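Residue numbers (the numbering used here), protein chains in the order written: chain G, 9 to 201; chain X, 91 to 419.
Read through the structure below, which is laid out as structure tokens, and then see the notes.
Encoded structure:
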């Protein structure tokens with residue numbers, strides 16, 4: 009297993025304690041542990057968040073390789089939109105405890121449907137398309153004790169109207185994707201994907 | 091962009107910070123950790139210099155050494171023509187009015203038992219900048235400057251979100267109207283949407299007060315967004331330094347190329363050739379011989395393990411420390 013996840017000199021490493029390994033090595037060991045029983049689903053909760061970019065690239069490569077080898081399904085939890093673009097086939101975007109968008113990865117990045125997803129994409133600084141000022145999402149995520157009425161994103165949403173503050177939207181199906189937003193219903197003009 | 095004719099605000103010459111480990115055993119020689127190993131840097135007035143590298147490469151140590159929050163082992167730090175490394179305690183205390191720092195962990199950087207008003211008032215008291223009503227007025231002004239409601243003045247740090255705490259940290263740094271601010275990973279702990287807000291604020295304040303930033307980060311897209319010039323560090327040394335566009339268009343050190351190719355790109359259709367490095371950053375207590383990067387470098391030659399390269403200019407405002415560059419010239 010250690011060899012599979014790319015640990016050099018596994019015969020030696022196997023007798024070492026975690027504190028003797030680097031962060032990247034420890035994450036490799038974790039992956040090896042998780043895969044040792046041939047699971048069908050691997051839930052990876054921010055597996056590379058604590059790692060440096062070069063080591064992150066290594067770990068993502070290892071995960072991709074092993075996924076092919078063992079045909080494991082992976083649920084990858086992350087806040088990094090770059091990692092998602094690289095790893096995922098389909099994506100769920102969550103906001104304040106609810107799923108706001110569900111889509112295949114290509115359509116999501118080509119045209120985000122939910123205003124929150126759109127805001128997230130816009131607030132990334134892009135190297136190939138530099139801007140003087142980043143577009144931001146105003147305000148902050150609401151506290152779990154004081155959830156706004158209606159759509160949970162409405163207080164920060166540039167498109168919000170009265171209906172958003174009164175009623176809670178469901179997940180509507182739009183063009184084989186799903187989005188929790190009134191913009192795509194008769195209530196607000198029925199925007200197309 | 092900065093006009094290249096602006097005078098230097100800060101010049102760092104051959105700065106070193108070596109830590110001697112206390113674990114010397116039975117008369118064996120104590121290992122020396124060269125956290126910062128002979129750094130030369132110039133920052134012009136009004137410029138934002140980005141400092142990037144992986145964790146443990148000495149970025150923060152360098153940033154703090156420049157402010158003498160960590161006492162450097164040797165070298166020169168020249169701020170507005172004065173060598174501040176020779177300053178005594180009192181002289182240095184007064185210098186801190188000119189140079190401030192913003193920390194990564196804004197929660198830990200704010201005293202939990204002080205209200206926001208007290209936190210922002212402290213630097214004003216220390217340097218005797220404002221008293222009583224004048225002080226009150228200045229504190230409110232600072233809060234408004236960083237986009238916080240003035241009604242928050244009597245609240246404690248724990249009542250704020252991460253982004254708001256970072257705004258307080260920025261307001262505190264601005265209180266003494268410094269010329270230079272060392273920003274040590276100021277947005278690394280923040281969510282993308284809040285990160286964008288703070289980056290915009292920092293850019294706005296820089297223009298408003300003609301500030302100069304040394305911006306430390308491991309995030310190359312953030313650095314690209316904010317900085318005029320960028321220095322790349324690896325194991326205590328600068329391996330490449332260049333104007334932003336030159337560095338991103340024509341990265342010349344293999345390490346810089348690797349870093350750039352390792353950024354996950356938020357575009358699923360883009361298939362890039364990625365250079366995946368072998369191994370981890372070497373232990374700084376036991377650095378490799380010759381070029382510190384040769385153990386992981388895809389282009390290593392015999393010469394690299396024997397002889398350490400030094401920073402050479404390869405074009406206007408672009409210097410690289412790599413043997414490959416000499417051979418291709």
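Backbone N, C-alpha and C define an ideal beta-carbon position, used for all residues, glycine too.
As the structure is a computational prediction, the values presented were derived from the model and not from experiment.
For residue i, three-class secondary structure by DSSP
i	result
residue 125 of chain G	helix
residue 239 of chain X	coil
residue 91 of chain X	Annotation note: pLDDT 46 at residue 91 of chain X (below 50); position unreliable, coordinate value reported separately. Here residue 91 of chain X sits in coil by DSSP.
residue 419 of chain X	Caution is warranted here: a pLDDT of 45 is assigned to residue 419 of chain X, below 50, making its placement in the model unreliable, and the coordinate value is therefore given only provisionally. If DSSP states are grouped into helix, strand and coil, residue 419 of chain X belongs with coil.
residue 137 of chain X	coil
residue 345 of chain X	helix
residue 387 of chain X	coil
residue 179 of chain G	coil
residue 305 of chain X	strand
residue 110 of chain X	strand
residue 16 of chain G	coil
residue 9 of chain G	coil
residue 327 of chain X	strand
residue 41 of chain G	helix
Test: residue i CB closer than 8 Å to a CB of chain X
i	result
residue 69 of chain G	yes
residue 17 of chain G	no
residue 51 of chain G	no
residue 184 of chain G	no
residue 39 of chain G	no
residue 60 of chain G	yes
residue 131 of chain G	yes
residue 65 of chain G	yes
residue 138 of chain G	yes
residue 11 of chain G	no
residue 192 of chain G	no
residue 57 of chain G	no
residue 134 of chain G	yes
Selected residue, minimal CA-CA separation from residue i, among the options
i	options	result
residue 349 of chain X	X:398, X:143, X:121	X:143
residue 88 of chain G	X:281, X:391, X:385, X:393	X:281
residue 179 of chain G	G:132, G:139, G:141, G:121	G:121
residue 337 of chain X	X:318, X:325, X:355	X:318
residue 312 of chain X	X:297, X:181, X:292	X:292
residue 253 of chain X	G:21, G:149, G:98	G:149
residue 132 of chain X	X:321, X:402, X:122, X:315	X:321
residue 408 of chain X	X:359, X:343, X:397, X:363	X:343
residue 63 of chain G	G:20, G:51, G:14	G:14
residue 145 of chain G	G:136, G:165, G:157, G:139	G:165
residue 69 of chain G	X:228, X:366, X:389, X:205	X:366
residue 323 of chain X	X:345, X:360, X:316	X:345
Cut-off 7 Å between Cβ atoms - residues of its own chain near residue i, not counting five sequence neighbours on either side
i	result
residue 196 of chain G	169, 171, 190
residue 310 of chain X	142, 349, 350, 353
residue 47 of chain G	80
residue 58 of chain G	31
residue 177 of chain G	159, 188, 189, 190
residue 35 of chain G	55, 59, 67
Same chain, Cβ closer than 8 Å to residue i, neighbours up to 5 away in sequence not counted
i	result
residue 162 of chain X	105, 106, 107, 126, 155, 175
residue 378 of chain X	372, 384, 385, 395
residue 299 of chain X	264, 267
residue 54 of chain G	85, 86, 87
residue 270 of chain X	99, 100, 133, 169, 188, 189, 190, 301, 302, 303, 304
Contact with chain G by residue i, beta-carbon distance below 8 Å
i	result
residue 286 of chain X	yes
residue 340 of chain X	no
residue 150 of chain X	no
residue 333 of chain X	no
residue 282 of chain X	yes
residue 419 of chain X	With a pLDDT of 45 at residue 419 of chain X, under the threshold of 50, the modelled position of this residue cannot be trusted; read the value that follows with caution. With 8 Å as the cut-off, residue 419 of chain X does not count as an interface residue toward chain G.
residue 384 of chain X	no
residue 289 of chain X	yes
residue 144 of chain X	yes
residue 311 of chain X	yes
residue 297 of chain X	no
residue 314 of chain X	yes
residue 308 of chain X	yes
Cβ neighbours of residue i in the same chain (closer than 6 Å, five flanking residues each side left out)
i	result
residue 233 of chain X	240
residue 341 of chain X	347, 350
residue 193 of chain X	199, 274
residue 278 of chain X	194
residue 9 of chain G	40, 44
residue 51 of chain G	83
residue 213 of chain X	265, 266
Task: Residues of the region 234-268 of chain X whose Cβ lies closer than 7 Å to any Cβ of chain G, in chain order - done: 251, 253
- [ ] Output, in sequence order along the chain, the residues in the region 342-375 of chain X whose CB is closer than 7 Å to any CB in chain G.
- [x] 348, 349, 352, 353, 354, 355, 356, 357, 358, 359, 364, 366, 367, 370
- [ ] Name, going along the chain, the residues of the region 23-35 of chain G whose beta-carbon falls closer than 9 Å to a beta-carbon of chain X.
- [x] 30, 31, 32, 33
Open item on the list: Taking beta-carbon pairs under 7 Å, can you tell me which members of the region 95-114 of chain G lie near chain X?
Closed with: 113, 114
Task: Contact set between the region 147-180 of chain G and chain X, restricted to residues whose Cβ is under 7 Å from the partner - done: 148
Open item on the list: Give me the subset of the region 78-96 of chain G whose CB atoms are less than 9 Å from a CB atom of chain X, sorted by chain position.
Closed with: 87, 88, 89, 90, 91, 92, 93, 94, 95, 96
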